[in-house]
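Data block below; observations after.
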Amino acid sequence: MEGKIRFAFYPGCTVGSEQYAYEISARKVFPKLGIELVDVEGFSCCGYPLKSVSLPAWAYLSARNLALAEKNNLDIFPLCNGCNLSFREVNQCLKEDPDLRERLKGMLSSEGLKYAGEARSWHVLEVMRNAVGIEKIRSAVKKPLRGLKIATHYGCHALRPGELKILDDSENPHYLEELIAPLGATAEDYPERLDCCGQGLAITTGKTALAISGAKIKAIQDRGFDAVVTVCPFCMKMLDSKQNAIKITTKQPDLNLPVLYYTQLLGLAMGISPEELGMNLNLSPVGEILKKLEGN
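Count along the sequence shown starting at 1, add 4, and that's the number in our numbering.
Have a look at this one:
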């Protein structure tokens, strides 16, 4: 795609309340790549946490955000895997359930909104690969990340359910690897690549969630990777923010793995300072990556 591309930017609740580094780094890199992030007034929670409690409440909240994007003649660009999944699922749900669609029509009209199902939700990796493009990313690189061996972590909601076809292949995705290659780093496959981070169990069985995260961190570390890169704020929460808790709970004091958002890794390759990318907010040892890059 050529020229400036505009999206209704939707950081999501988790990014806006605790994973600030994701939004900071996204707002830094996307405008430099020809993507205009439009802040739409009135956005609310995507409703995903309510789905198992009240389907209509979830559908209303998700459809409402899509209607706001439609009102501005924009597609919606959520940073969060879960929010993107919610928007895609509600579009599918309302196509298949005319009664629910009619019910929501009345609720939305009270706010002066209309849902036509025209606003598409773009995953962050889709925006990078299909809107920005690999060659544009390659040309934006000023400081190649040579020598870095990166483990990719997509997050479950970026890939499943497979029938929604969120990315290229739910069983063997390649988008993140394709987007790391032009940065000069290498992203190698590994057996645990698609394993869950454990976040889904964090509220009900916290220790089990930490054990799942710990197992993945250990596997990545044992395979000699320099860092793990993700695009999901919930996965970042587990692998980065809770890494110290994982060490203590699972009695693995040697766990010491840098975890970054793709937007941060990209920003480093573009020559943007770690501070401008919010890397001071990462709780894993990302300083080790910066030291390794000093010689490049």
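Yeah, the Cβ is synthetic: ideal placement off N, Cα and C, and Gly gets one too.
Within the model, the alpha-carbon separation for G46 versus L72 is close to 8 Å. Beta bridge pairing from DSSP links T190 with K153. Straight-line measurement puts the Cα of N260 at about 26 Å from the Cα of T208. Here the segment 155-162 lies against the segment 76-96, with 3 or more beta-carbon pairs under 8 Å apart. Membership of A12 in the beta strand (DSSP E) is indicated by the continuous run I9 to Y14. Secondary structure at Y158: coil, using DSSP grouped into helix, strand and coil. Cβ-Cβ separation between L281 and I28: approximately 7 Å, consistent with a contact (criterion under 8 Å). When C-beta atoms of the segment 271-281 are compared with those of the segment 223-242, fewer than three pairs fall below 8 Å, so the two segments do not count as touching. N69 is positioned such that its CB atom lies closer than 8 Å to that of Y14. Taken in chain order, the unbroken stretches of beta strand (DSSP E) that lie wholly in the segment 54-113 and span 3 residues or more are 80-82. Within 10 angstroms of the beta-carbon of L37 lie 16 or more other beta-carbons, which makes it buried.
DSSP places I28 in the uninterrupted alpha helix (DSSP H) bounded by Y24 to V33. CA-to-CA, the gap between G291 and P195 works out to about 27 Å.
The straight-line gap separating the alpha-carbon atoms of P262 and I141 is approximately 23 Å. Assignment of beta-bridge partners to V263 by DSSP yields V232. For L108, same chain residues with a beta-carbon under 8 Å away, outside a window of 5 residues either side, are P60, A63, Y64, A67, L98 and Y119 in chain order. Rounded to the nearest whole angstrom, the C-alpha separation of L168 and G299 is 43 Å. By the Cβ test, the segment 137-151 is in contact with the segment 180-198, since at least three Cβ pairs between them sit closer than 8 Å. Rounded to the nearest whole angstrom, the CA to CA distance from N284 to F34 is 20 Å.
Rounded to whole angstroms, the Cβ separation of M240 and Q23 is 6 Å, and the two are in contact under 8 Å.
Counting along the chain, the unbroken alpha helix (DSSP H) around V19 starts and ends at C17 to S21.
Straight-line measurement puts the Cα of F11 at about 10 Å from the Cα of A135. Nearest to R124 by C-alpha distance, out of T267, A213 and S90, is S90. Per DSSP, L214 is one residue of the alpha helix (DSSP H) stretching across G210 to D226.
Per DSSP, the unbroken beta strand (DSSP E) holding I39 starts and ends at I39 to D43.
With 16 or more neighbouring CB atoms inside 10 Å of its own CB, S217 falls in the buried class.
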